[in-house]
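So the protein lines, in turn, are chains A and B.
No gaps in the numbering here: position 183 of the first sequence is 183 in my numbering, and each next residue is one more.
Every number in my numbering is 1000 more than the matching position in the second sequence, counting from 1.
Heads up, the thing below is written out as structure tokens.
Number of protein chains: 2
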Amino acid sequence: MARPTGRRPGPSGTREAIRDAAARQFAELGYDRASMRSIARDAEVDPALVAHFFGTKHELFVDVVELPFDPADVVPALFAGAREELGRRLADFILAALAVPEARRRIVGLVRAAASEPEAAKMVRELLSRELFARIVEQLGVEDAELRANLVGSQIVGLVMARHVVGLEPLASLSDEAVARAIAPNLQRYLTEPLDEG
Amino acid sequence: MARPTGRRPGPSGTREAIRDAAARQFAELGYDRASMRSIARDAEVDPALVAHFFGTKHELFVDVVELPFDPADVVPALFAGAREELGRRLADFILAALAVPEARRRIVGLVRAAASEPEAAKMVRELLSRELFARIVEQLGVEDAELRANLVGSQIVGLVMARHVVGLEPLASLSDEAVARAIAPNLQRYLTEPLDEG
């Protein structure tokens, strides 16, 4: 006999509810101030359930830390078009991701976590290196591709900080189209132009 | 009669010791994890003295939050030379500041504090706007100068995150000269070139 559909979700729904709450809290409060208790409250479950499913806060963070897109699909797609428009395609992709609340929360959460705690910074570094930079390096196929990927990362992290964490104006309120035009040539230079002529 | 010079500093020395310890702890632990107690321990004073001199952690942070250089001197000096080498001069100046441990601690502390807590982000935004961006805007003297200052800020914050917080390699280990060459043209574009042609 089917159980009535209640407010409380089943085990897999509970797990997802906890992960969503954790992603939200890590983004909004930062790693340090998010607690197992506050995450449980947000997910409307008992704190013991959070520990049961995920172990420690650190383990929960590792589980939740992920990019809001699959780099295995995204990176080759970005590189598929004209090489001289790569910076603009990358800018458009990042700004489109940041326009989706759930994806923005994840990205801001990653940036804030990296800034809050050396362990979290290490996890973010490993995630970026393994999932994102390695694929960009493969697609670029040049000798200094790792450095180029780092420089692109620095501009994107800085943009997330400036627009979504610190809220610098007028940048934070600028249209995505205007931001894309402003940053695309700089991303393009980091990706494909000489880096030793400054 | 002069008192013997002991290990424990006098009142103004104590105040400075607390400020130094606070700057160090905000940089190393982040705003959230630095506590009045840990700052007192680092400064080798009683926690009650920290509260006596500075009030709350928030008030101590406001007191400690400052740039490790005087923008009233630095910004006009940066703008004094050839306009087309502004990006390189700015890159050299930032990298020189980051090479001094005490200055690097302050800058990293600002970036980490901004990421950890909305109140701290607001203070950092006000500090940057009032002390730094306003002067850059005045010197640039163009209509979209505020946006240009924001974009420069985004690249510099991103560089600090990538090199000194997350530790992206090879960027983190690259020589200052190579980093300056890599970022200077991008800073130059943000400062003086058209922003709507991406």
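Glycine is no exception: its CB is placed at the ideal position from the N, C-alpha and C atoms.
Values in this document were obtained by computation on a predicted structure and should not be read as measured data.
Three-state class that DSSP yields for residue i in the structure shown
i	result
residue 1082/B	coil
residue 1013/B	helix
residue 26/A	helix
residue 1068/B	coil
residue 1040/B	helix
residue 109/A	helix
residue 47/A	helix
residue 87/A	helix
residue 1101/B	helix
residue 1034/B	coil
residue 1196/B	coil
residue 1170/B	coil
residue 96/A	helix
First through last residue of the alpha helix (DSSP H) which encompasses residue i
i	result
residue 1192/B	1176–1192
residue 1127/B	1118–1127
residue 153/A	145–160
residue 1138/B	1134–1140
Among the options, the one whose alpha carbon lies nearest that of residue i
i	options	result
residue 190/A	1193/B, 1032/B, 1186/B and 1161/B	1186/B
residue 39/A	150/A, 22/A and 48/A	22/A
residue 120/A	174/A, 180/A and 65/A	65/A
residue 170/A	1151/B, 1162/B, 1169/B and 1165/B	1151/B
residue 184/A	83/A, 113/A and 166/A	83/A
residue 1147/B	163/A, 72/A and 137/A	163/A
residue 1105/B	1145/B, 1115/B, 1086/B and 1160/B	1160/B
residue 96/A	15/A, 172/A, 182/A and 176/A	176/A
residue 137/A	78/A, 167/A, 57/A and 112/A	78/A
residue 225/A	165/A, 179/A, 166/A and 58/A	Residue coverage of chain A in this structure runs from 1 to 198, which leaves residue 225/A outside it and unanswerable.
residue 68/A	41/A, 81/A, 30/A and 24/A	24/A
residue 1188/B	1174/B, 1166/B and 1085/B	1085/B
residue 1178/B	48/A, 144/A and 74/A	144/A
residue 180/A	1167/B, 1099/B and 1198/B	1198/B
residue 1149/B	1166/B, 1090/B and 1165/B	1090/B
residue 1168/B	168/A, 142/A and 122/A	122/A
residue 48/A	142/A, 15/A, 116/A and 73/A	15/A
residue 1031/B	50/A, 112/A and 194/A	112/A
Residue i versus residue j: straight-line alpha-carbon distance, rounded
i	j	result
residue 131/A	residue 1026/B	31 Å
residue 110/A	residue 124/A	7 Å
residue 1156/B	residue 88/A	21 Å
residue 1054/B	residue 1061/B	9 Å
residue 153/A	residue 1158/B	8 Å
residue 76/A	residue 1043/B	52 Å
residue 33/A	residue 196/A	42 Å
residue 1107/B	residue 1127/B	12 Å
residue 13/A	residue 71/A	26 Å
residue 19/A	residue 114/A	18 Å
residue 1174/B	residue 1134/B	31 Å
residue 92/A	residue 1017/B	48 Å
residue 1007/B	residue 1041/B	Because the pLDDT at residue 1007/B is just 46, under 50, the model does not fix this residue reliably, and the point stays unresolved.
residue 1052/B	residue 1029/B	23 Å
residue 1140/B	residue 172/A	20 Å
residue 1036/B	residue 129/A	36 Å
residue 94/A	residue 101/A	13 Å
residue 1192/B	residue 1182/B	17 Å
residue 116/A	residue 98/A	21 Å
residue 142/A	residue 1194/B	29 Å
residue 1056/B	residue 1050/B	9 Å
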